[in-house]
Amino acid sequence: MSRNFFSRDGLGVFPRTCIAVAAASLIWLPSATFAQDRAGVSVAQIAGPNIQHQLQHVLNHAVSHSQPNPGAALLAISTLKGKDEGAQTVTALVVGTHSQSDNAAVFRNTPFGIASITKIMVAALSFIYSERGLLDLDAPVLSLAGDDDWLLKHISNPEFRSNLETLTLRDLLAHRSGLPDYWEGEAFLAKWREAKDKKWNPSELIGWAGRQAPDCAPRSCFNYSDTNYVIVGLALERLAGRKLHEQLRKEIFKPLQMGCSWMFFEEPAPQGCAEPTHSYEGDLDVTDNRMQSADWSGGGVYSTLEDQLKLLRGIFDGELISRESLADMQRWGESDLGEEIVYGLGLYKAKAGPGMTLIGHTGIHNAFSFLWVEQDVLITGSLNQSNNQGLKQLVFPAVRVLRDGGGYVEHSH
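Counting in this note's numbering, the sequence shown runs from 23 upward without gaps.
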């Protein structure tokens, strides 16, 4: 989900400009390798009482400073080890209530909207099919399903159509298509706000985006756009002959035993899962609002702390994709997402400070799922409120606590 990436995906608010980059300027930077190649923080270190106390302080501080109203915060930390090597959730802390209208507590198994972290899954699904020889990430996206009318028939802007003719799945996954984000179209936003009970069809979203002119020529700029991932989702449905949420369940959720993850407006919650915590955009509770179905492949999945750790382990420990695919997902390119943030294919890398490199993704309601590269540690959670800055309020302070052995204190202000 974007609706301005910076405020929508937990990075805070920065000037949004499209940085022009040539295709040749895609750069390789230090990346994550599989767990067996690294040594990281031990379970005993993370589970120490001083660290636990400081992490709880970070969580409490994040919730008490949540704007406009106190909500809920969820945080889980784990070591990155193979399933057969003692991988475990070392810390799972939660604070707050399901919603602002009741006092029902959240728990470590409470599902929450992960929003744009969904992009990790869509990118991983593309690589799974690529490894099987079912698709070529570098082939024109219009050729993937045998004809081009499935997509072009929804597009009215001629420049948009022109961009599509040479775009590949790689361009789309890397946000280097130049295609506009439907969330930034005033006509779409007016319709979206008006039709609050509408269940959005992905093809409709492309139709709204397709009225707008591109932001730049293909591969000449970075522009974070949910349009890219909706097109990928539609292409994968054409390719596999089944709905995207069914593919995610078959290829990702079931193999990784992610038992309480699902695409919220496309299927019912799996049996036995707890009631999801509510998500807010300011004072607006958007949890059951069907207008949120417009997120789809750009951000439509709900999940739990434990399931998100399983996803990260599947990506970074080789259970889901190959070593070569992981390296390809981390082919970093320049972005306009903030200082020292680079984007790959469904993953981005952020520097939180010395020795604190994070690889993963964030989502609108300040959901986050990251690998802390230097220490082989996974960190995931949410603040469930779009008006905050999850990285600055929760993720970075938590990583500093771990880095400093419990000596870091986030002071109230």
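Backbone N, C-alpha and C fix where the C-beta goes; we use that ideal spot for every residue, glycine too.
None of these values were measured; they are calculated from a predicted model.
By alpha-carbon distance to F149, the top candidate from T140, K141 and L159 is L159. Close CB contacts of Q314 within its chain, under the 6 Å cut and outside five residues either way in sequence, are with V308 (chain order).
Take the alpha-carbon of R154 and the one of W230: they are about 33 Å apart. Taking 8 Å as the upper bound for CB-CB distance, Y302 and D248 are not in contact here, some 20 Å apart. Annotation: the continuous alpha helix (DSSP H) that includes G229 extends over P224 to A231. In the DSSP assignment, W172 falls within the alpha helix (DSSP H) that extends over D171 to L174.
Shown here, G412 sits in a helix according to DSSP, grouped into three states. In this structure, the CA atom of D329 is about 7 Å from the CA atom of S283.
In the three-state reduction of the DSSP assignment, L380 falls in the strand class, which pools E and B. In this structure, DSSP gives G336 a helical state, which the three-state scheme calls helix. Given a length threshold of 4 residues, each whole run of the alpha helix (DSSP H) inside the segment 286 to 370 is given here in chain order: 327 to 338 and 345 to 351. Bounds of the beta strand (DSSP E) holding A95 are A94 to T101. Counting other Cβ atoms within 10 Å of its Cβ, E362 stays below 16 and is therefore classed as exposed. About 7 Å separates the beta carbon of L348 from that of F338, a gap short enough to meet the 8 Å contact definition. Contact annotation: the segment 179 to 197 does not touch the segment 271 to 280, with fewer than three C-beta pairs closer than 8 Å. Per the DSSP secondary-structure output, P202 pairs with nothing in a beta bridge.
Nearest to Q279 by C-alpha distance, out of L327, K265 and D237, is L327. Nearest to S138 by alpha-carbon distance, out of L380, G403 and D317, is D317.
Within the same chain, Cβ atoms closer than 7 Å to the Cβ of V254 are found at V144, S148, L191, L194, L195 and S319, the five residues on either side in sequence being excluded. Annotation: S325 to R422 spans about 26 Å, alpha carbon to alpha carbon. Judged by their CB atoms, L166 and N185 are not nearer to each other than the 8 Å cut-off. In the three-state scheme derived from DSSP, where H, G and I count as helix and E and B as strand, P419 is classed as helix. The beta carbon of K221 lies closer than 7 Å to those of F287, R312 and S315 in the same chain, with the five residues before and after it left out. In the three-state reduction of the DSSP assignment, P162 falls in the strand class. Ranking F418, L96, A257 and P71 by CA distance to the CA of F129 puts L96 first.
Just so you know, the alpha carbons of A161 and E268 end up roughly 24 Å apart. Of the candidates T299, L400 and M285, T299 places its Cα closest to the Cα of F134.
Apart from the 5 residues on each side of it in sequence, I136 sits with its Cβ closer than 6 Å to the Cβ of V323, S325, G385 and A389 in its chain, given in chain order.
Measuring C-alpha to C-alpha distances from A374 to each of W354, V395 and D358 identifies V395 as the nearest. V116 is bridged by DSSP to L96. DSSP places A235 in no beta strand (DSSP E); its state is neither H nor E. For the 8 Å CB-CB criterion, L405 and A98 do not form a contact. For V399, the enclosing beta strand (DSSP E) stretches over residues V399 to S404. T119 has its alpha-carbon roughly 17 Å from the corresponding atom of D310. For S344, the CB contacts under 7 Å within the same chain, skipping 5 residues up- and downstream, are E153 in chain order.
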